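Trainee:
2 protein chains.
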Amino acid sequence: MTDFPEAPIYEHLARLGKVLSAPVRLRLLDLLDQGECTVEELAQRGGLPLKNTSAHLQQLRAAGLVATRREGTRIHYSLRDREVSGFLGRFQEFAEERMSDLRAEIEEHLGRDETVGAVTGPELEELLRGGEVVLVDLRSPEEYEEDHVPGAVSIPSRQLEERLDELPWDMTIVAYCQGPYCVVSPRAVRVLNGTGRQARSLRGGYVHWKRRRDTG
Amino acid sequence: MTDFPEAPIYEHLARLGKVLSAPVRLRLLDLLDQGECTVEELAQRGGLPLKNTSAHLQQLRAAGLVATRREGTRIHYSLRDREVSGFLGRFQEFAEERMSDLRAEIEEHLGRDETVGAVTGPELEELLRGGEVVLVDLRSPEEYEEDHVPGAVSIPSRQLEERLDELPWDMTIVAYCQGPYCVVSPRAVRVLNGTGRQARSLRGGYVHWKRRRDTG
DNA sequence: TCCTTATTCTAATAATCGCTAGAATATTGG
DNA sequence: CCAATATTCTAGCGATTATTAGAATAAGGA
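Chain order of the listed sequences is A and B.
For the first sequence, full-length UniProt numbering assigns the number 1 to the initial residue and increments by one for each residue that follows.
For the second sequence, full-length UniProt numbering assigns the number 1 to the initial residue and increments by one for each residue that follows.
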């Protein structure tokens with residue numbers, strides 16, 4: 001077997017890798033990055049059985065990535081601190097940079113045009129400073145209420161079609177959803193561009209923006 | 001099963017986690033961070049069978065973490081670019097920060113006094129500027145020749161005892177080995193302190209220092 | 001206290017991954 | 001072209017991990 005003196009240390013280190021090696025756990029971490037959640041909410045939004053969810057959350061907790069808070073009979077999970085969010089962003093960025101099949105999958109999933117034409121964080125700042133842009137938050141009113149990008153107006157994605165007349169023809173529209181791999185904003189951008197407007201998606205959605213704000 | 005629309009993306013993302021979930025692969029990455037290596041060298045230094053080593057290297061290559069270069073019948077592996085080195089550092093740092101059992105393991109492995117008393121990168125710069133320090137490279141002459149911290153003198157760890165008289169009594173001695181989890185420099189520090197000198201280890205050894213130089 | 005709800009713990013099965021042996025490939029030197 | 005060396009590919013076994021059902025725990029309300 002492996003017999004170098006540092007072996008036990010790498011054994012421990014690998015535990016972090018193991019935790020990040022299950023798709024479900026990475027998904028849960030991204031959900032938690034959008035805000036505190038109960039086990040049931042996470043199970044629902046992650047689309048997997050409750051017991052399964054709980055088991056994965058235990059592993060995340062054992063690795064020191066998430067924290068729990070009890071409120072009555074419910075247990076609320078959240079990322080343990082901001083550095084977890086920052087690390088998660090770095091992890092995803094790094095993976096996207098060098099795994100070309102991952103990039104291909106993202107483009108296929110979100111739509112090629114909407115992916116490459118997406119607005120990055122610094123670009124958004126620039127656009128907001130110029131004032132030539134309307135920023136649209138497509139998430140639920142509750143999510144918008146809890147926190148949103150300053151200057152954004154709330155138009156939940158389901159109401160987009162019926163509230164189209166609130167959106168201008170002569171300014172760029174930037175739309176964002178939860179992110180980082182959410183389809184909602186690319187879809188909305190397609191709709192808006194279909195009406196002849198100038199719309200772009202915010203790369204990585206709310207989560208990426210928040211990571212940038214909180215961890216630089 | 002898992003049935004949310006972003007599932008295939010997280011599936012791909014998890015491949016990076018999987019690659020980082022085996023102790024052997026993390027070890028190989030750290031070895032590669034010290035410089036280019038052939039498969040045989042890696043197998044030897046990692047203390048595992050050749051075929052096994054090759055299999056792991058394939059996985060690292062599939063994930064875009066390492067590059068290969070053929071020279072005659074040998075194949076030389078190296079980290080694909082500097083960002084891999086930087087990410088690796090971030091990964092280890094993050095793991096050490098929040099997994100207390102990992103910290104405990106490191107302290108036990110390297111020695112408690114030598115770990116907490118270790119010199120960090122910025123501290124070393126400060127000490128070198130002041131000129132009140134002797135920096136000792138404990139690695140092999142070949143490794144020293146290829147690259148070393150500016151200002152370091154080469155005293156391979158095996159020669160330390162017989163070359164003790166080259167080291168001063170009135171200055172702090174900072175010693176480093178390959179790192180980041182190498183026992184050589186903590187051991188040397190114990191020997192030096194045993195003679196009554198003032199010695200400290202460089203935290204993370206050559207690898208940490210190089211990561212700092214190359215990726216900031 | 002007892003019942004209900006939310007979650008975790010325990011244990012068993014199913015899927016995945018690491019390891020290793022044998023065959024295959026690629027390059028160099030004769 | 002053949003032999004030698006370095007490495008990779010293929011396949012099967014063994015170990016680890018995910019999943020999930022059932023029992024257990026913990027808090028809140030009747």
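Beta carbons are placed, not taken as given, at the ideal position from N, Cα and C, and that holds for glycine.
None of the values given here were measured: they were computed from a predicted structure.
Let me know the beta strand (DSSP E) ranges lying completely inside the stretch 92 to 122 of chain B, each 3 residues or longer, listed in chain order.
Mentor: none
Trainee: Distance check for A:L127 and A:Q59, CA to CA, integer angstroms please.
Mentor: 41 Å
Trainee: Quick one: complete beta strand (DSSP E) runs, 3+ long, within the stretch 5 to 76 of chain B?
Mentor: 66 to 71
Trainee: Considering only DSSP beta bridges, list what B:V174 is partnered with.
Mentor: B:L135 and B:R200
Trainee: At a CB distance below 7 Å, what residues from the stretch 17 to 45 of chain B approach chain A? Give them in sequence order.
Mentor: Close to chain A, meaning a Cβ-Cβ distance shorter than 7 Å, are the following residues of the stretch 17 to 45 of chain B: G17, K18, L20, S21, A22, P23, V24, L26 and R27.
Trainee: Got a sec, what are the start and stop residues for the beta strand (DSSP E) A:A152 sits in?
Mentor: From DSSP, the beta strand (DSSP E) with A:A152 extends over A152 to S154.
Trainee: Shorter than 8 Å from the beta carbon of B:E6 to some beta carbon of chain A?
Mentor: For B:E6, the answer is yes, since a Cβ of chain A falls inside 8 Å of its Cβ.
Trainee: Whose Cβ in chain B lies nearer than 8 Å to the Cβ of A:M99?
Mentor: Taking a Cβ-Cβ threshold of 8 Å, the residues of chain B close to A:M99 are H12, R15, L16, A63 and G64, in chain order.
Trainee: Please state whether DSSP places B:S140 in a helix, a strand or coil.
Mentor: If DSSP states are grouped into helix, strand and coil, B:S140 belongs with coil.
Trainee: When you compare only the Cα positions, how much space is there between B:H208 and A:E142?
Mentor: 45 Å
Trainee: Determine the extent of the alpha helix (DSSP H) in which A:P186 is found, giving its start and end residues.
Mentor: Start and end: V184 to G194.
Trainee: Could you pull out every residue in the same chain whose Cβ sits closer than 7 Å to the Cβ of B:Q92, ignoring the five residues on either side in sequence?
Mentor: P180
Trainee: For A:L124 and A:T215, I'd like the C-alpha separation in whole angstroms.
Mentor: 17 Å
Trainee: Taking A:L138 as the reference, give the member of A:W169, A:S185 and A:E162 with the closest Cα.
Mentor: A:S185
Trainee: Please state if the CB of A:A63 and the CB of B:M99 are separated by a distance shorter than 8 Å.
Mentor: yes
Trainee: Between A:H109 and chain B, is any beta-carbon pair separated by less than 8 Å?
Mentor: yes
Trainee: According to DSSP, is A:L79 helix, strand or coil?
Mentor: strand
Trainee: How about B:A199: is its C-beta nearer than 8 Å to some C-beta of chain A?
Mentor: no
Trainee: Use the C-beta contact count for B:P122: other C-beta atoms within 10 angstroms, 16 or more gives buried, fewer gives exposed.
Mentor: exposed
Trainee: Where A:E97 and B:Y10 are concerned, what is the direct C-alpha to C-alpha distance, given to the nearest angstrom?
Mentor: 15 Å
Trainee: Let me see if you follow: with CB-CB separation under 8 Å, is B:Q92 close to chain A or not?
Mentor: Yes, contact with chain A.
Trainee: Does DSSP put A:V149 in a helix, a strand or coil?
Mentor: Residue state, collapsed to three classes: coil.
Trainee: Measuring only between beta-carbons, confirm whether B:A131 sits less than 8 Å from chain A.
Mentor: In the sequence as presented, Ala is not what sits at residue 131 of chain B; that position holds Gly. No, no contact with chain A.
Trainee: Just verifying my parser: in three-state terms, what is the DSSP assignment at B:Y181?
Mentor: coil
Trainee: Using a C-beta to C-beta distance shorter than 9 Å, which residues of chain B count as neighbours of A:R80?
Mentor: R98
Trainee: Note down the Cα distance separating B:Y144 from B:L202, rounded to an integer number of angstroms.
Mentor: 16 Å
Trainee: Run the CB neighbour count on residue 217 of chain B, radius 10 Å, all protein chains shown included, and call it buried at 16 or more, exposed below.
Mentor: Given that chain B is displayed from residue 1 to residue 216, the structure contains no residue 217 of chain B and the question cannot be resolved.
Trainee: List the endpoints of the continuous alpha helix (DSSP H) containing A:G205.
Mentor: G205 to T215
Trainee: Can you name, in chain order, every residue of its own chain whose Cβ lies under 6 Å from the Cβ of A:G117, other than the five neighbours on each side?
Mentor: R200
Trainee: Assess, as a yes-or-no matter, whether the stretch 71 to 80 of chain A is touched by the stretch 24 to 39 of chain A under the definition of 3 or more beta carbon pairs within less than 8 Å.
Mentor: Yes, since at least three Cβ pairs between the stretch 24 to 39 of chain A and the stretch 71 to 80 of chain A fall closer than 8 Å, the two stretches touch.
Trainee: Helix, strand or coil: which one does DSSP assign to residue 217 of chain B?
Mentor: Within the shown structure, residues of chain B are numbered from 1 to 216, placing residue 217 of chain B beyond reach of any answer.
Trainee: Out of B:D147, B:R158, B:V133 and B:G194, state which residue places its alpha-carbon closest to the alpha-carbon of B:V174.
Mentor: For B:V174, the nearest C-alpha among the options comes from B:V133.
Trainee: Below 8 Å, can you find three or more Cβ-Cβ pairs linking the stretch 43 to 58 of chain A to the stretch 159 to 173 of chain A?
Mentor: no
Trainee: Which residues in chain B have a C-beta closer than 7 Å to the C-beta of A:L50? List them in chain order.
Mentor: Per Cβ cutoff of 7 Å: no residues; A:L50 is ~13 Å from chain B at best.
Trainee: Any C-beta of chain A sitting closer than 8 Å to the C-beta of B:G47?
Mentor: So, interface residue.
Trainee: So that I know if they touch, is there some Cβ in chain B lying closer than 8 Å to that of A:Y206?
Mentor: no
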